[in-house]
Every structure is written in structure tokens, then in C-alpha cells.
Amino acid sequence: SQTIHQWPATLVQPVGSPLSLECTVEGTSNPNLYWYRQAAGRGLQLLFYSVGIGQISSEVPQNLSASRPQDRQFILSSKKLLLSDSGFYLCAWNTGTSTYEQYFGPGTRLTVT
Amino acid sequence: DQQVKQNSPSLSVQEGRISILNCDYTNSMFDYFLWYKKYPAEGPTFLISISSIKDKNEDGRFTVFLNKSAKHLSLHIVPSQPGDSAVYFCAASQYGNKLVFGAGTILRVKS
């Protein structure tokens, strides 16, 4: 069966510091991968998605970036965090030939201080 | 522009009764709709979905209804249980891949 991992689970970082969140998927090949953010009291906002290694589409202009160095690894990064980057970051996957359901990881709670 | 709207931030229901969660959308090109359930500090869990070619889909206690002319869908939970207490997100998709989520509705089932 497929599983998705995210780490760290929680993170407190000062403004201006760098960020690296990692997501890995097991049990499937060539998944579509997604990064979402849920701000406090808000819905899920799609940040990036990837249909293959090195292929990244950005949905929202911001100081975040994403990379996919391996088939089942998706990384969310920032060179300098802003207060507004605080939120709950979720990674999700689905298969390229599946229906539209996406399956989410446990999330990372990021607090920028 | 909020393409998917969940206008009720919260809903409180007695255990055993029906819970009805509503969702409206504006983009008539959406062809697939999904409901997710989310507990605090966890990722959303897929519940049920419906294609735009159907008007109803049922899975156990969960039924989703789609009214395309009104651009409205609803999730019915019967009977409601305390474990159903969570945030419910409606999502919509056009041609796959990208999902657009509503802001969520907090459901509280009282025992």
C-alpha cells in the first residue's frame, strides 16, 4: 500500500531564516505531487505541483520554491521566511492515471516568529 | 476569486441525526467534486467524490448530492456519530490534477 511521509511535524523558525520541508511517497511510481498550505481559519491553497522529476508548476507567486530531485521526493524551500509563511503545510499525491482524488500526508506546522 | 465556497463555518448536530454540509461553486467547467475530512493537526482524508455526470453518490453513511444547475453540492451524513466531528472540505477539479478547496465547515456532533 502507498504511504506518504512529511517531516518535520512541527517547526518554529525566525523571520529571515531558510526553510526546507520534505515529503516522500512510498509504494507507487511516478506520482503527481502537490504542496498545499492551510493558513489559520482558511482553506487549502495549492502552492506547487509536479508531474515528474524536475517538473514544477507554481500556483502562487511568493518567496517559496519547490523541487523534485527524485521520483517520490518533493521538497518545499525558502531562502528567507516571512511572518506570513506561517501555516500548516501539506503534501499530497495521486497517480498520473488515477481519478482526481489526492491523498495527503500528516502535515508540517510552521510558525515563523 | 473564491471558486468554491462553504458558507457555513460551523454546524452542530445531535448524535444519530442527519448532518448536511453544503458547498457552492462558480466555475461551470468543474467536472469532479470531492469531500475531505480533517482532524486538527492531521492531513485531510478523502471521504467521497462525485463526477459531474452523476447527481448522487453513496458510500455507507455518506451521500453526496450534486445539483449542476444550481452549482451546488451537499454531503449528507446519516446517522451522525461523535467521531464525525471534524472539519469538512469541499473540493472541485477541472480536467484532473488541480483541486480547488473551500474554506471548510467545522462539524460538531453532540452525544
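Protein sequences, first through last, are from chains A and B. Its first residue numbered 1, the first sequence is counted upward by one per residue in the working numbering. Its first residue numbered 114, the second sequence is counted upward by one per residue in the working numbering. Quick reminder that beta carbons are idealized off the backbone N, C-alpha and C, glycines included.
Own chain, CB closer than 7 Å to residue i, minus 5 neighbours either side, in chain order
{"i": "LEU81 of chain A", "result": "GLN13, VAL15, GLY16, SER17, LEU19, VAL112"}
{"i": "GLN45 of chain A", "result": "TYR36, ARG37, VAL60"}
{"i": "ILE133 of chain B", "result": "SER187, HIS189"}
Beta strand (DSSP E) segment containing residue i, residue limits
{"i": "GLY87 of chain A", "result": "87–95"}
{"i": "ASP71 of chain A", "result": "Segment: none, ASP71 of chain A is in no beta strand (DSSP E) and carries neither H nor E."}
{"i": "ILE163 of chain B", "result": "158–164"}
{"i": "GLU128 of chain B", "result": "It is not in any beta strand (DSSP E) - GLU128 of chain B carries neither H nor E in the DSSP assignment."}
{"i": "THR3 of chain A", "result": "3–7"}
{"i": "VAL151 of chain B", "result": "The sequence as given places Lys at residue 151 of chain B; Val does not occur at that position. Looking at the DSSP string, the run of the beta strand (DSSP E) that includes LYS151 of chain B is 145–151."}
{"i": "SER57 of chain A", "result": "55–58"}
Same chain, Cβ closer than 6 Å to residue i, five either side skipped, listed in chain order
{"i": "THR24 of chain A", "result": "HIS5, ARG72, GLN73"}
{"i": "TYR49 of chain A", "result": "TYR34, SER57"}
{"i": "ASN135 of chain B", "result": "SER187"}
{"i": "GLU26 of chain A", "result": "THR3"}
Alpha-carbon spacing of residue i relative to residue j, whole angstroms
{"i": "GLY142 of chain B", "j": "HIS185 of chain B", "result": "The identity of residue 142 of chain B in the sequence shown is Met, whereas the question assumes Gly. Computed Cα separation, rounded: 13 Å."}
{"i": "ARG174 of chain B", "j": "LEU160 of chain B", "result": "11 Å"}
{"i": "ASN120 of chain B", "j": "GLY215 of chain B", "result": "9 Å"}
{"i": "PHE178 of chain B", "j": "SER123 of chain B", "result": "20 Å"}
{"i": "ALA199 of chain B", "j": "ASN30 of chain A", "result": "32 Å"}
{"i": "ALA40 of chain A", "j": "ASP85 of chain A", "result": "11 Å"}
{"i": "THR113 of chain B", "j": "ASN170 of chain B", "result": "Outside the displayed span of chain B (114 to 224) sits residue 113 of chain B, for which this structure offers no information."}
{"i": "TYR138 of chain B", "j": "VAL117 of chain B", "result": "4 Å"}
{"i": "THR10 of chain A", "j": "SER182 of chain B", "result": "43 Å"}
8 Å Cβ shell around residue i - same chain, five flanking residues per side excluded
{"i": "TYR100 of chain A", "result": "ASN94"}
Any C-beta of chain A within less than 7 Å: which residues of the stretch 185–208 of chain B qualify?
From the stretch 185–208 of chain B, only PHE202, SER206 have a Cβ closer than 7 Å to chain A.
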